[in-house]
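Asker: Numbering (the working numbering), first residue to last: 10 to 236.
1) DSSP puts residue 91 in a beta bridge; with which residues?
2) Considering only C-alpha positions, which residue in the set 234, 187 and 176 is nearest to residue 128?
3) Can we say the region 97 to 105 touches the region 151 to 158, given the rule of at least three CB pairs closer than 8 Å?
4) Using the Cα positions of residue 182 and residue 81, report the straight-line distance between them to the nearest angstrom.
5) Is the region 131 to 151 touching the region 172 to 181, taking contact as three or more C-beta pairs under 8 Å?
6) With a Cβ-Cβ cutoff of 7 Å, do residue 229 and residue 74 count as a contact?
7) Comparing C-alpha positions only, which one of 93, 225, 201 and 65 sits nearest to residue 136?
8) Assuming residue 225 and residue 143 make a contact with CB atoms under 8 Å, what is their CB distance in whole Å?
9) In whole angstroms, give me the CA-to-CA distance for residue 71 and residue 140.
10) With which residues is residue 228 paired in a DSSP beta bridge?
11) For residue 63, which residues of its own chain have a beta-carbon under 8 Å away from its beta-carbon, when the five flanking residues on both sides are left out?
In structure tokens, the structure reads:
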């Protein structure tokens, strides 16, 4: 693994420009060309078995971790041609997206229309130059929390690595400094306190998935438990 040097970092940013503005045909709208706004088709949709609440609740395993901007890194590795690590400043220099989407907890509540700010997950995929053999990514967080998703799911426009919520820095209790946001899935797929991303050929069982919860976790399909 190696740090992203300045020349390579700028080269990657240029390449990422080709990703912007490609999904207007599947239920999103964009505002501008640099600061993109994405509104998912599920932003105001309540899936079966869910009830709406006014604010996000705080649920997590383990204490809230300490964040030191000077030492924090996001490591990307596995079935990729370019393994790398980003510090917090490098992460926030990547093309930024604002996404409005719903959040669905597997316990039954949903918070609609959350305004997330961060980078699209597929930006990381582009930077890493993911191998053709890779089909999944395992998200590794503080306290050994993990979850795994298909690259198809992670490539959606409204799937973010978020560092902002409702025009503020993402609060630690909601996953700051960095969390995954996957609106179509139940909340345990939207891992808090992300530190590593590993690309894999086979899907790995994450923390809750190994305890009987669904590995696909589709909120629209009421897919809560492993079958």
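We treat Cβ as the ideally placed atom computed from N, Cα and C, and that holds for glycine.
Answerer: Considering the structure as presented:
1) Taking the chain shown and counting its residues from 1, one reaches residue 91 at position 82. Residue 91 is not bridged to any residue.
2) Locating residue 128 in the chain shown gives position 119, where the first residue counts as 1. When only C-alpha atoms are compared, the closest one is 187.
3) Because the criterion of three Cβ pairs below 8 Å is not met, the region 97 to 105 and the region 151 to 158 do not touch.
4) As a position in the chain shown, residue 182 is number 173, starting the count at 1. As a position in the chain shown, residue 81 is number 72, starting the count at 1. Rounded to the nearest angstrom, the two C-alpha atoms are 17 Å apart.
5) Judged by Cβ distances under 8 Å, the region 131 to 151 makes no contact with the region 172 to 181, as fewer than three pairs qualify.
6) The count along the chain shown starts at 1 and reaches residue 229 at position 220. The count along the chain shown starts at 1 and reaches residue 74 at position 65. For residue 229 and residue 74, no; Cβs fall outside 7 Å.
7) Here residue 136 is taken as the residue at index 127 of the chain shown, counted from 1. Nearest C-alpha to residue 136: 93.
8) Within the chain shown, residue 225 is the residue found at index 216, counting from 1. Within the chain shown, residue 143 is the residue found at index 134, counting from 1. Not really, about 18 Å apart at Cβ, beyond 8 Å.
9) As a position in the chain shown, residue 71 is number 62, starting the count at 1. As a position in the chain shown, residue 140 is number 131, starting the count at 1. Across the structure, residue 71 and residue 140 are spaced so that their CA atoms are roughly 34 Å apart.
10) The residue you call residue 228 lines up with position 219 of the chain shown. Bridge partners of residue 228: none, in fact.
11) One-based indexing of the chain shown puts residue 63 at position 54. 120, listed in sequence order.
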